[in-house]
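The numbers in full-length UniProt numbering rise by one with no breaks, and the one at position 392 of the sequence shown is 392. Ideal placement from N, C-alpha and C gives every residue a C-beta, glycine not left out. Let me begin by presenting the structure, written as structure tokens, before commenting on it.
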Amino acid sequence: MGVSKIIFYLSIIVVLCNAEDRIFGNQTIIDDENSTIVSAGGLFELGFFSPGKSDNRYLGIWYKSISTGTVVWVANRETPLTDRGGVLRVDENGRLVLRDGVGGIIWSSNSSRAVKKPVGQLLDTGNLVIGYEDDTEPKTYLWQSFDHPGDHLLPGMKLGWDLRNGLNRYLTSWRSSDDPSPGIYTMRIDLDGFPQPILWNGSAVQLRWGPWDGFKFSGISFSSIPNPTFLSNFIVLQTEIYYQFGVSSKSFTMRGNLNPNGSTNLLFWINETQSWRNLQPTRMDDCDRYAFCGANGICNIANKPSENGVCGCLEGFEPKFPERWKTGDWSGGCVRRTALDCRHGDRFIPYMGQKLPDTRRAWFNHSMNLEDCKIRCLNNCSCTAYSNIDIRGGGAGCMIWLNELLDIRDYREDGPNLYVRIAASESAAENRGSRRKKKLGIILIVVSLVLIVLVSSILTAYVLKKRKLRRKGFKLNTSSNPKNNNQDEDLDLPLYEFPVIAIATSHFSEKCKLGEGGFGSVYKGITKDGQEIAVKRLAKNSRQGLDEFKNEISCIAKLQHRNLVRLLGYCFEKDEMLLIYEYMPNYSLDYLLFDKKRREPLDWPNRYNIIIGIARGLLYLHQDSRLRVVHRDLKASNILLDVEMNPRISDFGLARIFWGSESEANTTKVVGTYGYMSPEYALDGIFSTKSDVYSFGVLVLEIVSGMKMRGFYHLDPSLNLLSHAWRLYQEEKCSALLDEAAIDSCNKSELFRAIQVGLLCVQPYPEDRPSMSTVVLMLSSDNELPQPKQPTFFTERNQSLSEFSNIAEISTSASSVF
Numbered sequence: 001m002g003v004s005k006i007i008f009y010l011s012i013i014v015v016l017c018n019a020e021d022r023i024f025g026n027q028t029i030i031d032d033e034n035s036t037i038v039s040a041g042g043l044f045e046l047g048f049f050s051p052g053k054s055d056n057r058y059l060g061i062w063y064k065s066i067s068t069g070t071v072v073w074v075a076n077r078e079t080p081l082t083d084r085g086g087v088l089r090v091d092e093n094g095r096l097v098l099r100d101g102v103g104g105i106i107w108s109s110n111s112s113r114a115v116k117k118p119v120g121q122l123l124d125t126g127n128l129v130i131g132y133e134d135d136t137e138p139k140t141y142l143w144q145s146f147d148h149p150g151d152h153l154l155p156g157m158k159l160g161w162d163l164r165n166g167l168n169r170y171l172t173s174w175r176s177s178d179d180p181s182p183g184i185y186t187m188r189i190d191l192d193g194f195p196q197p198i199l200w201n202g203s204a205v206q207l208r209w210g211p212w213d214g215f216k217f218s219g220i221s222f223s224s225i226p227n228p229t230f231l232s233n234f235i236v237l238q239t240e241i242y243y244q245f246g247v248s249s250k251s252f253t254m255r256g257n258l259n260p261n262g263s264t265n266l267l268f269w270i271n272e273t274q275s276w277r278n279l280q281p282t283r284m285d286d287c288d289r290y291a292f293c294g295a296n297g298i299c300n301i302a303n304k305p306s307e308n309g310v311c312g313c314l315e316g317f318e319p320k321f322p323e324r325w326k327t328g329d330w331s332g333g334c335v336r337r338t339a340l341d342c343r344h345g346d347r348f349i350p351y352m353g354q355k356l357p358d359t360r361r362a363w364f365n366h367s368m369n370l371e372d373c374k375i376r377c378l379n380n381c382s383c384t385a386y387s388n389i390d391i392r393g394g395g396a397g398c399m400i401w402l403n404e405l406l407d408i409r410d411y412r413e414d415g416p417n418l419y420v421r422i423a424a425s426e427s428a429a430e431n432r433g434s435r436r437k438k439k440l441g442i443i444l445i446v447v448s449l450v451l452i453v454l455v456s457s458i459l460t461a462y463v464l465k466k467r468k469l470r471r472k473g474f475k476l477n478t479s480s481n482p483k484n485n486n487q488d489e490d491l492d493l494p495l496y497e498f499p500v501i502a503i504a505t506s507h508f509s510e511k512c513k514l515g516e517g518g519f520g521s522v523y524k525g526i527t528k529d530g531q532e533i534a535v536k537r538l539a540k541n542s543r544q545g546l547d548e549f550k551n552e553i554s555c556i557a558k559l560q561h562r563n564l565v566r567l568l569g570y571c572f573e574k575d576e577m578l579l580i581y582e583y584m585p586n587y588s589l590d591y592l593l594f595d596k597k598r599r600e601p602l603d604w605p606n607r608y609n610i611i612i613g614i615a616r617g618l619l620y621l622h623q624d625s626r627l628r629v630v631h632r633d634l635k636a637s638n639i640l641l642d643v644e645m646n647p648r649i650s651d652f653g654l655a656r657i658f659w660g661s662e663s664e665a666n667t668t669k670v671v672g673t674y675g676y677m678s679p680e681y682a683l684d685g686i687f688s689t690k691s692d693v694y695s696f697g698v699l700v701l702e703i704v705s706g707m708k709m710r711g712f713y714h715l716d717p718s719l720n721l722l723s724h725a726w727r728l729y730q731e732e733k734c735s736a737l738l739d740e741a742a743i744d745s746c747n748k749s750e751l752f753r754a755i756q757v758g759l760l761c762v763q764p765y766p767e768d769r770p771s772m773s774t775v776v777l778m779l780s781s782d783n784e785l786p787q788p789k790q791p792t793f794f795t796e797r798n799q800s801l802s803e804f805s806n807i808a809e810i811s812t813s814a815s816s817v818f
């Protein structure tokens, strides 16, 4: 047979449009001499290969355009070809059939069914399917390779059960890198009790991922969750129970695989290095090993050897074999110190953010709440613990354990809470120490307590005096009455010691620096309890002085909204002024939007979500919060992005609070950033909520175009970004404004709506601009929008610059990335 390549088109359903795209029944697809099949996008290839040092031949699917030779599926794993005579055909019964050189059947798809003109395809997802020639609407496939996984889990593939057909999709490792036959490790969704993924070594449990908590499997730490391009879910229905992952952009390539050594990996392709990066490895430490600490034991890898190793007992429990426990043999686990007393009542000890115990003997109910769950557990004398099933929205569902608690790990982070049942007679003091030692040391304890009280009193008086001196001259007037300058409202905001923040940021080292600007620098830090923070350190020569420092604390401390960055605390010590925020892992909008390489995650859905999120944050500031706040410095560098790419408005150093019926104010000191200032503010010093609306309009056009308002370049030197957008809008060429990085994922209706709203927001006169409540409504509905007028500053570039040169004090701070 001559060289032949058969191109298959990407499809989620079997829709075949052209004769040359089809492989009909009784037609040879490929032979092992000179032919392969390539998916439409060129990502995957189907053909024959020999793994490693082996001479055996296998039919498989592998990456073609990247990572050449990485095999993701093998047909004849257990029956290799011993020569190059293999031929793959689609027969008249709708089966894929692999024959050897003498015509013997080596492997078939086992999908025999009398159909008219069966058709085969290799989809661009890597799925090899058999369908019908006359498919004109969505139907199920006769057979698909995704229903018969090997050692790989690809985006869109299901790991788990089709209960209607009794189909169990699970991963099986290769025997070795040279032998794809089934190895000893399997990853399956176990349906005993509450469903959970379990890795098996033969018939023994190797490790558990734990039950799904609504966001992730409880046995996987949040710190190991990949970036927002990774999407995953666990589906539990009457007909199906399965896990599935995907990617939010076609430009990202991911795969999961089960290695011959039993490790599972989630791998992400890095184009720059032409290599795979492991995003979520397992088997990282002893605590990942199943039931490493035995029954009722809890594993914490952070424990030091001097603390009796990584294993401990749950409160109310003690080692079953104390001598073995001291030597590091924790397999015997722990037993209760005091037996449960079902008649006279027991109590529960909460454990926050745990890998939940093995759920194979757990009972569950999706409709119960946590309080009902507690009552259900107390009424069952066999119940040992309970928990929510889903932690989203404050928690839902009920799961109770009816036996010993196995395979618990302490992550000490956000996650499901476990409530462990202990006897009511157990006291917290008894759980921390030996009763016998307590009785023998009663006198020593009393004396110690007296000394502790005395020392604590002295230290408290010293600290309060020191803190009073440090706070002298640092008063925050946040009273609801602006005329009462002596009334200071308690902000309930932690005041951090400078050495604590210095240690968290490695003494403000360069490796921890996230960015810097006119205000100073921003550093990433990790507190003693493991929390990630961003520290804004005002430089001694900063344009933002003590007034701006106080202002930012006063404005943001009482504001709580999902689209505002959260202030965790501050430090004011000697000449140091520090603001401590929650850490934003995706940095600032400015950092991503205006860089050609970094902007790839900003597809259109993400951009539109960012626009709506900023609008909702401003609406909260202008109308829904207890204060009416005008930000006055809204720009791309002051929009931070959290782990899910949600926007957070930051930097309130220049913000102003309006009291009572105030709606606008006047200032002789115009501060802000050129290009984002409204005309009335830049020229006359008048600012209001409509000033922020103008800045928002500029920001919308920047997000759409990926171009900066400042430094905009065009063949026509008279154009700036606003006038360029206006001209395209008049010429009905709005699509030409869109950044090319978002073209493939663009929703044209949303695009036109965003541009029109942006132009409405940059109208010359404040009364012509919509309020932020109207903006949110316009962005979230399909209502017809009013027509914008010609935007302001539609003038020659040089003229515009000269208008500003002697008026405004311009802020040129760099990106605040944290």
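Secondary structure at residue 599: coil, using DSSP grouped into helix, strand and coil. Comparing C-alpha distances from residue 730 to each of 684, 695, 787 and 696 shows the shortest one belongs to 787. By the C-beta density criterion, residue 362 is buried, having at least 16 other C-beta atoms within 10 angstroms.
Residue 607 and residue 495 have their C-alpha atoms roughly 36 Å apart. DSSP, reduced to helix, strand and coil, places residue 752 within a helical segment of the structure shown.
Assignment of residue 604 by DSSP, reduced to helix, strand and coil, places it in the helix class. Taken through DSSP and simplified to helix, strand or coil, residue 554 comes out as helix. The Cβ-Cβ distance between residue 149 and residue 163 does not fall below 8 Å. When the alpha-carbon of residue 360 is set against those of 285, 381, 194 and 245, the nearest one is in 194. In this structure the stretch 241 to 253 lies against the stretch 599 to 606, because at least three pairs of beta carbons, one per stretch, are closer than 8 Å.
It is roughly 13 Å from the alpha-carbon of residue 764 to the alpha-carbon of residue 723.
Residue 638 sits buried, since 16 or more C-beta atoms from the chains shown fall within 10 Å of its C-beta.
Residue environment for residue 356: buried (at least 16 other C-beta atoms within 10 angstroms of its C-beta). In this structure, 505 is the residue among 635, 505, 619 and 632 with its C-alpha nearest to the C-alpha of residue 580. Secondary structure of residue 120 (DSSP, three-state): strand. Within the same chain, Cβ atoms closer than 6 Å to the Cβ of residue 352 are found at 417, the five residues on either side in sequence being excluded.
The alpha carbon of residue 527 has as its nearest neighbour, out of 519, 507, 539 and 515, the alpha carbon of 507.
Look at residue 264 here: in three-state DSSP terms it is strand. Within the same chain, and ignoring the five residues on either side of residue 234 in sequence, the residues whose Cβ sits closer than 6 Å to its Cβ are 212 and 243.
Residue pairing of residue 144 in beta bridges, as defined by DSSP: 129. Within the DSSP bridge table, the entry for residue 733 names no partner.
Per DSSP, the continuous beta strand (DSSP E) segment holding residue 312 begins and ends at 311 to 313. Excluding residues up to 5 positions away in sequence, 58, 60, 150 and 180 lie with their Cβ nearer than 6 Å to the Cβ of residue 74 in the same chain. Per DSSP, reduced to three states, the secondary structure at residue 629 is strand.
Its chain contains 147 and 161 as the residues whose beta carbon lies nearer than 8 Å to that of residue 167, once the 5 sequence neighbours on both sides are disregarded; these appear in chain order.
In the three-state scheme derived from DSSP, where H, G and I count as helix and E and B as strand, residue 636 is classed as helix. The beta carbon of residue 331 lies closer than 6 Å to those of 294 in the same chain, with the five residues before and after it left out. Judged by pairs of C-beta atoms under 8 Å, the stretch 624 to 632 touches the stretch 687 to 705, as three or more such pairs exist. The beta carbon of residue 678 lies closer than 6 Å to those of 691 and 694 in the same chain, with the five residues before and after it left out. Under the 10 Å beta carbon count, residue 45 is surrounded by 16 or more other beta carbons and is classified as buried. A distance of 8 Å or more separates the beta carbons of residue 499 and residue 563. Per DSSP, the unbroken beta strand (DSSP E) holding residue 401 starts and ends at 398 to 401. Residue pairing from DSSP places residue 656 in a beta bridge opposite 630.
For residue 742, no beta strand (DSSP E) encloses it, and the DSSP letter there is neither H nor E.
Annotation: residue 425 to residue 205 spans about 36 Å, alpha carbon to alpha carbon.
If you look at residue 699, you'll find it isn't in any beta strand (DSSP E); it sits in the alpha helix (DSSP H) that goes 689 to 705.
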